[in-house]
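Protein chains in written order, with the working numbering: chain A, 1 to 185; chain B, 186 to 370. Working notes, structure below.
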DNA sequence: GTCTATATTTGGATAGAC
DNA sequence: GTCTATCCAAATATAGAC
């Protein structure tokens, strides 16, 4: 594996664990085993490396989610597969976490992968909701885009509530509540 | 206003804006106008001061939310009042933001106010959902505690999606979607 | 491409005078 | 209670040798 690769993967891990403000170049060098000179040879600095890591994480996450959303079954079943998939809930969302970090939000190069991931997710969920409405699985009153955004928000908020409680349980409750409301029509 | 008071309020602001990792003693001293000696006279250090600030923020937030939830109207109307209240969406939630900060989650003194706030909120919402079910406003199938947690998650996740998009719109969409699902039965 | 040396600023605090 | 001096490590690089 190349040096850049090692740096990017290590930075992905550290950003997920500690956020942008909490991730130092020194920590990246130590965990990756790459020296300071090498790091600054391959990347211009912390934010350059973080931008590469976040783009990579965004791609990884979209690919993973697409597996659930494009699986077999009805629209409801695919949304359910996404919401109930195995997660290490207390780690939180590698992308959603970055939205709380003011430095990430302030730097377009860092915010863009975060924004694009959620734009994609909300659009993809909206397609499924519309499909489920057409199939008579869901109530047809609600706007599919609004319901899709609510579903994405339940996941992100579920992580917040779970970390606050230091327990995965609130995440699971939130998801079950959302599924119950989707079904109840 | 006392010196401790000034320190606490300034720390509340900075934690909201920059998170725990991003808030330094020096920044607190500069914004509050309180000197270093004074700060360390009144508080033993950063985490002590942050604990006081977070407890205060938790109280403030609970009082504010309780206004909406205990207002006039049906259960649905009070939940709606809470979800639609005027917010500076892009600032995010002063309490929910802290849940993403690993140092906060790791220190019980810092995590406790965050945990308690959401425990209280979820319980309070669950009462309202149960009340609405009893009154025939909501479908009676879903578990009130699960629906309540989903509602709290929509708010927290709405902030995440809004900050990611650098626009309040996803928050508003998520909330409208949640209200539509609550109504659709 | 990688290494070591060096540099500046901040983080986070302690000590002791006033 | 507040101020100034001082301290040491970490953050975030740049420079130049190899």
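All residues carry an ideal CB built from backbone N, CA and C; glycine is no exception.
- Contact between residue 337/B and residue 357/B does not hold, since their C-beta atoms are separated by about 17 Å, which reaches or exceeds 8 Å.
- In this structure, residue 158/A lies away from residue 332/B, with their beta-carbon atoms at least 9 Å apart.
- Among the residues of the stretch 31-55 of chain A, none has a Cβ less than 8 Å away from any Cβ of chain B.
- A check of alpha carbon separations from residue 340/B across 237/B, 208/B, 364/B and 318/B identifies 364/B as the nearest.
- Following the DSSP letters along the chain, one finds residue 226/B inside the alpha helix (DSSP H) bounded by residues 221-227.
- Rounded to the nearest angstrom, the gap between the Cα atoms of residue 119/A and residue 7/A is 27 Å.
- Between the alpha carbons of residue 205/B and residue 170/A lies a gap of roughly 23 Å.
- Within chain B, no C-beta atom comes nearer than 9 Å to that of residue 83/A; the closest sits roughly 11 Å away.
- Across the structure, residue 326/B and residue 315/B are spaced so that their CA atoms are roughly 11 Å apart.
- Collapsing the DSSP output to three states places residue 342/B in a helix.
- For residue 325/B, there is no enclosing alpha helix (DSSP H), since its DSSP letter is neither H nor E.
- Interface annotation, residue 271/B: not in contact with chain A, CB-CB separation never under 9 Å.
- One finds 163 and 166 in chain A with Cβ atoms closer than 7 Å to the Cβ of residue 290/B, taken in chain order.
- In the DSSP assignment, residue 285/B falls outside any alpha helix (DSSP H) and carries neither an H nor an E.
- Each of 138/A, 100/A and 111/A was checked against the Cα of residue 203/B, and the nearest Cα belongs to 100/A.
- Residue burial annotation: residue 217/B is buried, with at least 16 other C-beta atoms found within 10 angstroms of its C-beta.
- Within chain A, the C-beta atoms nearer than 8 Å to that of residue 367/B come from 181, in chain order.
- Residues of chain A whose Cβ lies closer than 8 Å to the Cβ of residue 315/B do not exist, since the nearest Cβ in that chain is about 13 Å away.
- By the rule that beta-carbons nearer than 9 Å mark a contact, residue 253/B does not touch chain A.
- Chain-order list of chain B residues neighbouring residue 72/A: empty, with the shortest C-beta distance near 25 Å, by a criterion of under 9 Å.
- The alpha-carbon separation between residue 330/B and residue 127/A amounts to approximately 29 Å.
- For residue 75/A, the nearest beta carbon of chain B is not closer than 9 Å to its own beta carbon.
- Straight across, the Cα-Cα distance linking residue 104/A with residue 98/A is about 6 Å.
- The beta carbons of residue 320/B and residue 260/B sit closer together than 9 Å.
- With 16 or more other Cβ atoms inside 10 Å of its own Cβ, residue 300/B counts as buried.
- Residue contact with chain B for residue 95/A: present (Cβ-Cβ distance below 9 Å to some residue of chain B).
- Classified as exposed, residue 72/A has fewer than 16 neighbouring CB atoms from the shown chains inside 10 Å of its CB.
- Remark: C-beta atoms of residue 248/B and residue 194/B do not approach each other more closely than 9 Å.
- Counting along the chain, the unbroken alpha helix (DSSP H) around residue 125/A starts and ends at 108-134.
- Under the Cβ distance rule, residue 304/B counts among the residues neighbouring chain A, one pair being separated by less than 9 Å.
- Shown here, residue 245/B sits in a helix according to DSSP, grouped into three states.
- For residue 16/A, the CB contacts under 6 Å within the same chain, skipping 5 residues up- and downstream, are 94 in chain order.
- Shown here, residue 209/B sits in coil according to DSSP, grouped into three states, outside any helix or strand.
- At a C-beta separation below 7 Å, residue 355/B has these neighbours in chain A: 149.
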